[in-house]
Amino acid sequence: MPSKATPKITIIIPTYNEELYIKDTLTGVLNQQCNFSYEIIVVDGNSGDNTVSIVEKRIEKIPHAYIYIAPERGKVPQLNHAASKAKSDLLLFLDADTVLIDPYFLKKIHKKFARDKDLYACSARFKYYDGHALDFRLGSLKFIVTPYLIINIASHIYYFLKSLFGFAELTGMNLLVRRSIFFEAGGFKDPPNSLGIDKVFSDSIHYLIKKHHKGKVKTFTFLSVLTSGRHLTIDRSLKRVQQYRSQKDIYDNLAKKVG
16 MPSKATPKIT IIIPTYNEEL YIKDTLTGVL NQQCNFSYEI IVVDGNSGDN TVSIVEKRIE
76 KIPHAYIYIA PERGKVPQLN HAASKAKSDL LLFLDADTVL IDPYFLKKIH KKFARDKDLY
136 ACSARFKYYD GHALDFRLGS LKFIVTPYLI INIASHIYYF LKSLFGFAEL TGMNLLVRRS
196 IFFEAGGFKD PPNSLGIDKV FSDSIHYLIK KHHKGKVKTF TFLSVLTSGR HLTIDRSLKR
256 VQQYRSQKDI YDNLAKKVG
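Everything in the sequence shown is counted per our numbering, starting at 16 for the first residue and increasing by one.
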């Protein structure tokens, strides 16, 4: 739970008609156990459902917790608007349908950034779910199984291999970055049809690393989040890949727009 002390991490959650998911997301955020304060910014795109009222009731009287209506609707303008209001040095961008299942998520991730000053940005591994998950233990190890088991294994292998070969890719549903690096990278940029926002941002960070001759991007496999599989379709995935290949120059030019 956030305290009145100066926040170490700002959690930014973009919303638009998320009344079915935002409660669980906020519960995961508010249940964090850490010895420092953190800030919560929910930035709404003028929802037509009960999202705003749900958030207002949930964060009422909680220190460093705010909800803003963005001047422009859309994930990129909403996230950039919220980032401009953040008070902390670390920004965690968290989708409104993504749950921090580990109550020590913030504590563990903050420790990584405190110990490694060259760490620019990171994401935790993610698991798709449909609101149902089965968890069990084998000794000290805890496993969470969802109906998306095969897809989750495949995505884990993909991001693990990307990290192994030195080109870790950040995931949009949970992305933590140093505030100074975020703004030097130019914030989030909007690719065609808003497909691949996280890909463009990842590439921008890698361009900064080349420019600085230092810096790291990591995917942490010791942490995971649950995220809704509601947008996960073969058509959407293929469209993203095809668009990236056919308009690679556009993506590259967007990514290169760094400070």
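Where a beta carbon is used, it is the ideal one built from N, C-alpha and C, also for glycine.
Using a Cβ-Cβ cut-off of 8 Å (strictly less than) and excluding sequence neighbours within five positions of residue i, which residues of its own chain qualify?
i, result
"residue 32", "62, 63, 64, 66"
"residue 100", "56, 81, 83"
"residue 199", "223, 273, 274"
"residue 20", "51, 52"
"residue 119", "47, 48, 49"
When you compare only the Cα positions, how much space is there between residue i and residue j?
i, j, result
"residue 115", "residue 196", "24 Å"
"residue 226", "residue 265", "20 Å"
"residue 69", "residue 44", "15 Å"
"residue 221", "residue 267", "12 Å"
"residue 183", "residue 102", "27 Å"
"residue 38", "residue 84", "18 Å"
"residue 250", "residue 243", "17 Å"
"residue 107", "residue 191", "4 Å"
"residue 142", "residue 161", "8 Å"
"residue 111", "residue 145", "14 Å"
"residue 96", "residue 247", "27 Å"
Counting only the same chain and skipping the five closest in sequence on each side, list residues whose C-beta sits under 6 Å from that of residue i.
i, result
"residue 41", "73"
"residue 178", "234"
"residue 109", "26, 28, 189"
Verify the contact flag: residue i, CB atom, against every heavy atom of the ligand FAD, threshold strictly below 8 Å.
i, result
"residue 77", "This structure simply doesn't include the ligand FAD, nor any ligand for that matter."
Spatial neighbours of residue i within its chain, please: CB distance less than 7 Å, with the 5 preceding and 5 following residues excluded, ordered by chain position.
i, result
"residue 171", "140"
To which residues does DSSP link residue i through a beta bridge?
i, result
"residue 143", "242"
Kindly provide the ranges of any alpha helix (DSSP H) runs that are 4 or more residues long and lie completely inside the segment 185–213, ordered along the chain. As for any alpha helix (DSSP H) of minimum length 4 sitting wholly inside the segment 185–213, the runs are 194–199, ordered along the chain.
Spell out a yes or no on whether the segment 202–212 and the segment 224–244 are touching, meaning 3 or more CB-CB pairs, one atom from each, closer than 8 Å. Touching, no, given that fewer than three Cβ pairs across the two stretches are closer than 8 Å.
Count the CB pairs spanning the segment 47–57 and the segment 120–133 that are closer than 8 Å, and state whether there are at least three. yes
I'd like the ranges of any beta strand (DSSP E) spanning at least 3 consecutive residues and lying wholly in the segment 53–118. 53–59, 80–84, 105–109
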